[in-house]
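Heads up: the structure comes next, in structure tokens.
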Amino acid sequence: MQVLERLKIQPTKKSETKVQAIIVRVTPSKNSYNGEILGRSLVDWVAFACNKLNKKVVDFSPKSSLIELAKNNIDSSYDYSIILMSTTPLLTADTIDSIIEYAVYKDVNLCKLPVGYIVKNSYMLSGNTLDIDSLYSQNLEEFFLVESKKQYVEAEEILQSRINSFHMRNGVEIERPKNTYIGPEVDIEPGVIIMVGNVLKGHTKIGAGVILKENNVVSNSKIGADSCVAGASIEESILGRECYVSSYSTIKHSIVGDRCIIGAGCHISRYNLAASSKLNANTILGEDNK
Numbered sequence: 000m001q002v003l004e005r006l007k008i009q010p011t012k013k014s015e016t017k018v019q020a021i022i023v024r025v026t027p028s029k030n031s032y033n034g035e036i037l038g039r040s041l042v043d044w045v046a047f048a049c050n051k052l053n054k055k056v057v058d059f060s061p062k063s064s065l066i067e068l069a070k071n072n073i074d075s076s077y078d079y080s081i082i083l084m085s086t087t088p089l090l091t092a093d094t095i096d097s098i099i100e101y102a103v104y105k106d107v108n109l110c111k112l113p114v115g116y117i118v119k120n121s122y123m124l125s126g127n128t129l130d131i132d133s134l135y136s137q138n139l140e141e142f143f144l145v146e147s148k149k150q151y152v153e154a155e156e157i158l159q160s161r162i163n164s165f166h167m168r169n170g171v172e173i174e175r176p177k178n179t180y181i182g183p184e185v186d187i188e189p190g191v192i193i194m195v196g197n198v199l200k201g202h203t204k205i206g207a208g209v210i211l212k213e214n215n216v217v218s219n220s221k222i223g224a225d226s227c228v229a230g231a232s233i234e235e236s237i238l239g240r241e242c243y244v245s246s247y248s249t250i251k252h253s254i255v256g257d258r259c260i261i262g263a264g265c266h267i268s269r270y271n272l273a274a275s276s277k278l279n280a281n282t283i284l285g286e287d288n289k
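In structure tokens form, the structure reads like this:
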């Protein structure tokens, strides 16, 4: 139990500025990748940066200005509104915090961001003529606009680098980060070794001590601790602890028990494989393989 709890002393609460995030969703152009990067929409990337704030997503209307659009969606119970575009997916939570701190410290009414605004709600709703009284010009690289296919590719490289760097700081060894795809929802425990050419997608979880050799594709699956997968495809499945899966094998919608050895070229679909099983090369198991 904490000392303050034992003594029934509660720290004095500081008044907090209440901020609402209004994310303006722009319809992706035909010259894009359907508005997604690493399987997550542009809106989701911006919303993730605003995860500490109350968020509202509104569709962009070419007939109205960004300020008017925001004015029609402001919640008067908040002190400030930060107005962001879905086309800026490189924003981070640290930059959002920096913008809010800047606005509160400067006591700004309407601050122009490199893309978007932060506005004091009482000023916005006052009925007076709105004038920009401040400019925020920090972290310009995070306001990189993503609209064309080239910009999508550039943004994906940056976001993938951030994801891979996060895992490496957390004790994951990635042999060649630039040749490794790790989705934003993937959970990897420390001590994992990932070799070149791996693709990890969806809600995948990789246990401690796992070795992913070259060219695996793992999607929405769980791989148990101390397993080794060598050039296989695992989809919507659970692989137990201390398993070995050889190259060219596929496991789909299945559960594989602990300490199993799966030979090269095996195909398992909709099947529960008992613990300590050993499959010879090219074994076929499961409903979809009959």
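Numbering (numbering that gives the first Met the number 0), first residue to last: 0 to 289. Each residue gets a CB set at the ideal place from its N, CA and C atoms; glycine is no exception. Owing to the predicted nature of the structure, the values given are computational and were not obtained by experimental measurement.
{"Item": "For the putative contact between P88 and V45, defined by C-beta atoms under 8 Å, what is the C-beta separation to the nearest angstrom?", "Value": "6 Å"}
{"Item": "Taking the alpha helix (DSSP H) that K54 belongs to, which residues open and close that run?", "Value": "Counting along the chain, K54 falls outside any alpha helix (DSSP H), though it belongs to the beta strand (DSSP E) covering N53 to D58."}
{"Item": "Hey, I73 and L109: beta-carbon distance below 8 Å or not?", "Value": "no"}
{"Item": "Are the beta-carbon atoms belonging to S276 and C259 less than 8 Å from one another?", "Value": "yes"}
{"Item": "What does the alpha-carbon distance come out to for the pair S226 and L211?", "Value": "8 Å"}
{"Item": "Let me know the secondary structure DSSP gives K62 once reduced to three states.", "Value": "coil"}
{"Item": "Which parts of the segment 171-198 are runs of the alpha helix (DSSP H), unbroken and 4 residues or longer, counting only runs that do not cross its ends?", "Value": "none"}
{"Item": "Quick check: the Cα distance between D93 and G201, rounded to an integer number of angstroms?", "Value": "25 Å"}
{"Item": "Taking buried to mean at least 16 other C-beta atoms within 10 Å of its own C-beta, is S64 buried or exposed?", "Value": "exposed"}
{"Item": "Measure the CB-CB distance between L272 and V244 and report whether it falls below 8 Å.", "Value": "no"}
{"Item": "How many whole angstroms separate the CB atoms of A231 and V209, which I take to be in contact at a CB cut-off of 8 Å?", "Value": "At roughly 13 Å, the Cβ-Cβ gap does not stay under 8 Å, so A231 and V209 are not in contact."}
{"Item": "Among S253, Y247, L158 and R269, whose alpha-carbon lies nearest the alpha-carbon of A263?", "Value": "Y247"}
{"Item": "Return the chain-ordered list of same chain residues with a C-beta closer than 8 Å to the C-beta of I36, the five sequence neighbours on each side being excluded.", "Value": "W44, P88, V145, Y151, A154, E155 and L158"}
{"Item": "How is N271 classed by DSSP in three states: helix, strand or coil?", "Value": "strand"}
{"Item": "Label G41 either buried or exposed according to how many other C-beta atoms from any shown protein chain fall within 10 Å of its C-beta, with 16 as the threshold for buried.", "Value": "Checking the sequence shown, residue 41 turns out to be Leu, not Gly. That one is buried."}
{"Item": "According to DSSP, is M0 helix, strand or coil?", "Value": "Residue placement at M0 cannot be trusted, given a pLDDT of 35 that sits under 50; the coordinates are not used to answer."}
{"Item": "Considering only their Cβ atoms, is the gap separating K54 from A20 smaller than 8 Å?", "Value": "yes"}
{"Item": "In the DSSP output, which residue or residues are listed as bridge partners for R24?", "Value": "D58"}
{"Item": "Helix, strand or coil: which one does DSSP assign to T94?", "Value": "helix"}
{"Item": "Just the C-alpha distance for K148 and R39, rounded to the nearest angstrom, thanks.", "Value": "16 Å"}
{"Item": "In whole angstroms, what separates the C-alpha of L3 from that of R24?", "Value": "Its pLDDT being 37, under 50, L3 is placed unreliably by the model, and the measurement read from it follows with that caveat. Distance between the alpha carbons of L3 and R24 is about 45 Å."}
{"Item": "Considering S218, what are the terminal residues of the beta strand (DSSP E) in which it resides?", "Value": "V216 to S218"}
{"Item": "With a Cβ-Cβ cutoff of 8 Å, do D78 and V118 count as a contact?", "Value": "no"}
{"Item": "Is it buried or exposed, Y270, if we count other Cβ atoms within 10 angstroms and call 16 or more buried?", "Value": "buried"}
{"Item": "By Cβ distance below 6 Å, which residues in the same chain neighbour Y116 in space, the five residues on each side in sequence not counted?", "Value": "I82"}
{"Item": "Over what stretch of residues does the alpha helix (DSSP H) that includes V45 continue unbroken?", "Value": "L41 to A48"}
{"Item": "Does the separation of the CB atoms of Y101 and Y135 fall below 8 Å?", "Value": "yes"}
{"Item": "Going by beta carbon distance, what residues of the same chain come within less than 6 Å of V171, once the five residues before and after it are set aside?", "Value": "I187 and V191"}
{"Item": "With a Cβ-Cβ cutoff of 8 Å, do N215 and N197 count as a contact?", "Value": "yes"}
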